[in-house]
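>
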Amino acid sequence: MALVLDILSWAFIIGGGVFSLLSGIGVVRFPDVFTRMHAASLADTLGAGLIILGLLLQAGIGADLVGVKLILILVFLLFTSPVVTHALAQAALLDGERPWTRDGGPTEGTVDVRESEGDAFLVDARAPDGER
Numbered sequence: 001m002a003l004v005l006d007i008l009s010w011a012f013i014i015g016g017g018v019f020s021l022l023s024g025i026g027v028v029r030f031p032d033v034f035t036r037m038h039a040a041s042l043a044d045t046l047g048a049g050l051i052i053l054g055l056l057l058q059a060g061i062g063a064d065l066v067g068v069k070l071i072l073i074l075v076f077l078l079f080t081s082p083v084v085t086h087a088l089a090q091a092a093l094l095d096g097e098r099p100w101t102r103d104g105g106p107t108e109g110t111v112d113v114r115e116s117e118g119d120a121f122l123v124d125a126r127a128p129d130g131e132r
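Counting along the sequence shown from 1, when you hit position 101 you're at 101 in UniProt numbering, and nothing is skipped either side.
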């Protein structure tokens with residue numbers, strides 16, 4: 001049984017390392033901030049999650065506090081990563097960054113700050129009277 005747990009945990013750890021490596025390559029190679037953010041968010045979260053699951057199989061969930069700490073780290077990672085990625089994407093959109101397209105045309109997800117006069121969320125709070 002110990003051999004099966006070792007093989008499974010090392011498969012998770014190696015798989016997590018591969019996903020983290022691919023995430024780093026994606027961050028370097030992708031063309032704009034949104035595709036880079038996608039690579040960093042999804043693949044890195046999956047990679048770190050697999051590594052933590054592999055470590056959890058090695059440590060065990062028993063009465064040892066290491067297993068509990070690994071579970072807390074995994075839960076914290078799974079909650080914070082999507083929230084941070086969404087906040088960064090919103091900040092990039094509000095800053096005027098446009099998603100990359102092959103033909104250079106507009107996409108559906110873009111926000112034009114000049115058209116945000118009626119929306120209190122999109123108005124820049126630092127500028128007087130909502131002007132940008």
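No residue lacks a Cβ here, since even glycine has one placed at the ideal position from N, Cα and C.
A quick note: this is a predicted structure, and the numbers were derived from the prediction, not measured.
1. If we count the other Cβ atoms within 10 Å of its Cβ and call it buried at 16 or more, is G96 buried or exposed?
2. Helix or strand or just coil, what does DSSP make of R98?
3. Tell whether a beta-carbon distance below 7 Å holds between S41 and T85.
4. Compute the Euclidean distance between the alpha carbons of L3 and L55, then round it to the nearest angstrom.
5. Should the segment 69-77 be regarded as contacting the segment 19-33, the criterion being three or more beta carbon pairs within less than 8 Å?
6. Taking the straight line between their C-alpha atoms, what separation do you get for R36 and G49?
7. Which of the three DSSP states, helix, strand or coil, is assigned to I13?
Answer, in terms of the structure:
1. The count along the sequence shown starts at 1 and reaches residue 96 at position 96. Looking at its Cβ environment, which holds fewer than 16 other Cβ atoms inside 10 Å, G96 is exposed.
2. Taking the first residue of the sequence shown as 1, we reach residue 98 at position 98. Of the three classes helix, strand and coil, the one that applies to R98 here is coil, per DSSP.
3. Start at 1 with the first residue of the sequence shown, and residue 41 comes out as number 41. Start at 1 with the first residue of the sequence shown, and residue 85 comes out as number 85. A contact, by the Cβ cut-off of 7 Å.
4. By one-based count along the sequence shown, residue 3 stands at place 3. By one-based count along the sequence shown, residue 55 stands at place 55. About 15 Å.
5. no
6. What you label residue 36 is simply residue 36 of the sequence shown in a count that begins at 1. What you label residue 49 is simply residue 49 of the sequence shown in a count that begins at 1. Using only the alpha carbons, I get a separation of about 19 Å.
7. Here residue 13 refers to the residue found at position 13 of the sequence shown. Residue state, collapsed to three classes: helix.
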